Structures are given as structure tokens and as C-alpha cells.
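If you count the sequence shown from 1, position 118 lands on 132 in my numbering, and the numbers rise without skipping.
Here a beta-carbon is modelled for each residue, glycine too, at the ideal position from N, C-alpha and C.
On a predicted model such as this, the values are computed, not experimentally measured, just so you know.
Here's the structure, in C-alpha cells; my notes come after.
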Amino acid sequence: MSLFDNTEHAFSSKSDAELKKAHYLFQLIGNSTLTNFGTLFFKLPFATNLPLVKPVIKETIYKQFVGGETAEEGVKVAKDLFKYGVSSILDYSVEGQTEEAEFDHVKDVMLHLVEIAKNNREIPFVVFKPTAFGRIELFEKVGKKQALSAEEQKKWDNIRSRFDIVCKAGFDADVNIMVDAEESWMQDAADDLTDEMMVKYNVNRPLIWNTLQMYRHDRLAYLKQMYEKANREGYYLGYKVVRGAYMEKERERAQAEGYPSPIQPNKEASDRDYNAAIRFIVDHHERFGLFAGSHNEFSCELLIQLLTEKGIQPSNRNFWFGQLYGMSDNISFNLAHLGYNIAKYLPYGPIKEVMPYLIRRAQENTSVAGQTGRELGLIKKELERRKK
Ligand SMILES: Cc1cc2nc3c(=O)[nH]c(=O)nc-3n(C[C@H](O)[C@H](O)[C@H](O)COP(=O)(O)OP(=O)(O)OC[C@H]3O[C@@H](n4cnc5c(N)ncnc54)[C@H](O)[C@@H]3O)c2cc1C
């Protein structure tokens, strides 16, 4: 019997009708033929403009995984979740910016989100992807310490300044800033930049948080190295620890370009390093903030055990659990019920713009053996319980 089996807590925020709808939806996306067809269909540029497509998407998969079209709509959803002790992180899910003006716009969106977070205690973090502030090729070049042209140097200075403006706004408003991790070939530059922000702003507590992807075989050593550095220099480290989302892409690129894959040889190795990382952080908790971003029940239970062993209170604001909105409510709501800090990534944006995000969610939920099987089983169990 797992801590996360209580479906009454898990779905306390869902009406019978909403639960039935979720059941139907997970059945649909569990069908790989349908999901593969949908993936191809929504890659067509005109797909979302066809009659009926938008309203159908909006009422189904969009409602399951997205908080609304605007940040303000997201805040409403966040307030509903918070009635059950579940916090939210508004995730601006518009992807694929390439121009300086677009990067500046994302920076302004982040400043707006800092203001929202400052005034709404149900939103404890503001999050961004490094490549929402600048082109991935530039991160790669800087990470490899290659020479930049004058134009590139100017653009890199712009990226640094966007990072700094948002992190300073977080510091001034006492709002946590989280930086997502992306592809390994851009990550060195993003790590250095985020570490620079931590040195500057994590003077009183972990306020700037970077992300460690434990499917990379070098991350545990990196974590320990950063701990040594932070100890020497006297600042706090905040880390979201995840397994990692770009495995296939990483392996394919490494093979195509003939360099050793940065990814662990198998799932067990990723699991081992994930659990070792959260253990290391809890063991050295005076220096760290930890956000465990995972749908893995074993890892979440392990973290509860580690916190309990160290006498760290569930309400300690340096320790967080996190799942995605629309997934693994059994973990999120049961953790909240036990008094732990838990925040769901709550994406928002217009339908057309969040389609790539929705396709990724549908694809990762296709396997009936995996996430969908779990979600469906729990929803069925709760529907049965409510009938009694
Ligand atoms: C709140 C939150 C924030 C997130 N932020 C980020 C982020 O910033 N950057 C990012 O990259 N991801 C991010 N993710 C996604 C995350 O990295 C995982 O892809 C996802 O959560 C699935 O892992 P899991 O721990 O939940 O579950 P599990 O089902 O236990 O693990 C699945 C993961 O294990 C790893 N894996 C699977 N098979 C293998 C294999 N054969 N060899 C090696 N490893 C394998 C992969 O990373 C896979 O995603 C985030 C997830 C959450 C919940």
C-alpha cells in the first residue's frame, strides 16, 4: 500500500463530471494509433484553424493539462488548487522564440509573473527556460568557450542582462526563480549563468534554483562540485532535481555526431543517481533548497523518508515536491494532505502556442503500461469509490 493510493484525497478537487471526462481523455490518449495520428495532424499549420478543432481541444486535452490562455486565468486555477494545499508555478508555454524582441517580451512576461507571485502566495516560484532568453546556438558557443563575434557578444550580454533583471526582480520581491534545464549542449553556459545568479542573490536563502537532470551520468559529480564551491564562497544552492526530458534527442545527436552519449546507460542508473542526488542534498540540507520534480512514487516516498530521518519539517519552505498539472494528482494531493510543500507546473498560453506542449504530454501518456495505466487505474478506483 503506497502513501499515494488514497484516491479520495487525490481527486478531491474534481467533480464526478470532471473525473469522468479525465477518464475518457486518458483512454483516448492511451490509444497510440489515435495519438500518433493526432501528432501528425497537429503538425499541419492550419490544423487548429479548422472549424470545431479549437473548441474540442479546449474542452478536452487543453483543460486537462493547461491552466488557461493568460496568466490571470492560470491564477484562478492556482487558487482552486490551493484550497487543497497544492501550490502552482505558472509556466509560460509559448516556445520557439528566435528574435531579440521576442526574448525581451519573454523577460517582460517573467517580470509580470514575479509581480503575480509576489501578490499570490499560492504561486511560490517563477520559472523560465534559458533558451526563452536567447538562441540555443549562442548558449552552445559560450559553453564551449568559442570566440564570439561582436554581434554575438552583444546578444550574449543581452541574455545575461535578461537573466539578471528577472533574478533581481525575484530577489527584490522575495520570489523564488527557477531555471529549467534543457539539452546538454547548451547547458554548461546556462549552468554558469545560473550559478552566477545564485552567488549574487542566494545570500540569505536559496532563491535562485537551477535544474539537475539525473539521466546525465555527470550530474552527481557536478552537484558535489557545486556544493564544495558554495561552501567555500558562502552562498546557498537551490536545485530542482529531475530525471530529464530529452533522452531520445540526446542519444540520437551523440550518435549522429560521434561523441559519447551524456545519458546514463539505462533507467536503473538514472534512478540510482536521482535518489543519490536527493539524498546528498538532504544530508547537506543547511546549504540547499530542493525541489524534487518527479512523478516517480518511489523517489517521492524516499524523499519523505529522508526528510523525516533528518527531522526536517514538511512545511520547511526549502523543500518542495513538484508534478505537472493534470498528471499524478495522487502524489500531489496526498503530499499536500500530509503537509508537504508541493507545486504543480501550470502551463498557460493560447491553444495554438501550447500545442507542442500538449503533443508531448499526449505522447508521454500513450503507453498504457506507464503513466496512462496509472492515471486510468486511479481514476477508475475513485469513480468506483464514489458510487458506493
Ligand atoms: C515539476 C517538473 C519539472 C520538470 N522540469 C524539467 C526540466 O527543467 N528539464 C527537463 O529535462 N525535464 C524536466 N521535467 C521532466 C522530467 O525530467 C522527466 O522527464 C519526467 O518527470 C519523468 O521522470 P519521473 O521522475 O517523473 O518518472 P520516471 O517514470 O521514474 O522516469 C522516467 C525518466 O527516466 C529516464 N529514463 C527512462 N528510460 C531511461 C533509460 N533507458 N536510460 C536512462 N534514463 C531513462 C528519463 O529521464 C525519463 O524521462 C520536469 C518534470 C516535473 C514533474
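- The region 113-128 and the region 349-369 do not touch, with fewer than three beta-carbon pairs separated by less than 8 angstroms.
- Taken in chain order, the complete alpha helix (DSSP H) segments of 4 or more residues contained in the region 73-158 are 85-96, 114-133, 150-157.
- If you look at Met192, you'll find it isn't in any alpha helix (DSSP H); it sits in the beta strand (DSSP E) that goes 190-193.
- A contact between stretches requires three or more CB pairs, one per stretch, nearer than 8 angstroms, and the region 356-365 fails this requirement with the region 33-41.
- Put simply, the region 137-152 touches the region 196-209. At least three CB pairs are less than 8 angstroms apart.
- When the Cα atoms are used, Leu316 and Asn289 turn out to be separated by approximately 8 angstroms.
- Within the same chain, and ignoring the five residues on either side of Arg233 in sequence, the residues whose Cβ sits closer than 8 angstroms to its Cβ are Leu226, Gln227, Asp287, Ala291.
- The Cβ neighbour count for Glu398, taken over all protein chains shown within 10 Å, is under 16; the residue is labelled exposed.
- In the same chain as Phe153, and ignoring 5 residues on each side of it, the C-beta atoms closer than 7 angstroms to its own belong to Pro144, Thr145, Met200, Ala203, Ala204, in chain order.
- Between the C-alpha atoms of Asp94 and Ala24 there is a straight-line separation of about 14 angstroms.
- In the DSSP annotation of this structure, the continuous segment of the beta strand (DSSP E) that includes Lys358 starts and ends at 356-362.
- A check of alpha carbon separations from Ser308 across Asp178, Ala259, Lys77 identifies Ala259 as the nearest.
- Closer than 8 angstroms to some heavy atom of ligand 1: that describes the Cβ of Ala259.
- Counting along the chain, Asn224 sits inside the beta strand (DSSP E) bounded by residues 222-227.
- A Cβ-Cβ distance of about 4 angstroms is found for the pair Gly340 and Phe79, placing them in contact under the 8 angstroms criterion.
- Under the three-state reduction of DSSP, Ala244 is assigned to helix.
- In this structure, the alpha-carbon of Ala244 lies about 14 angstroms from that of Ala235.
- According to DSSP, Val255 shares a beta bridge with Leu226, Ala306.
- In this structure, ligand 1 has a non-hydrogen atom nearer than 8 angstroms to the beta-carbon of Asn310.
- With fewer than 16 other beta carbons inside 10 angstroms of its own, Gln269 counts as exposed.
- Three or more Cβ pairs closer than 8 angstroms define a contact, and the region 214-224 meets that threshold against the region 179-194.
- A Cβ-Cβ separation of about 7 angstroms places Gly336 in contact with Ala306 under the 8 angstroms criterion.
- With 16 or more other CB atoms across the displayed protein chains lying within 10 angstroms of its CB, Arg257 is buried.
- For Glu166, same chain residues with a beta-carbon under 8 angstroms away, outside a window of 5 residues either side, are Leu152, Lys155 in chain order.
- In the DSSP assignment, Phe294 falls within the unbroken alpha helix (DSSP H) covering 281-297.
- Nearest neighbour of Asn355 by Cα position, chosen from Met261, Asp118, Pro328, turns out to be Pro328.
- Comparing C-alpha distances from Glu311 to each of Ile43, Asn344, Glu196 shows the shortest one belongs to Asn344.
- Distance from the CA atom of Ala376 to the CA atom of Gly248, rounded to whole angstroms, is 43 angstroms.
- A straight line joining the alpha-carbon of Leu320 with that of Asn280 spans about 25 angstroms.
- Per DSSP, Phe333 lies in no alpha helix (DSSP H); the unbroken beta strand (DSSP E) holding it starts and ends at 333-338.
- Apart from sequence neighbours up to five positions away, the residues of its chain that approach Tyr229 with a beta-carbon distance below 7 angstroms are Arg257, Gly258, Met261, Ile277, Gln278, Ser284, ordered along the chain.
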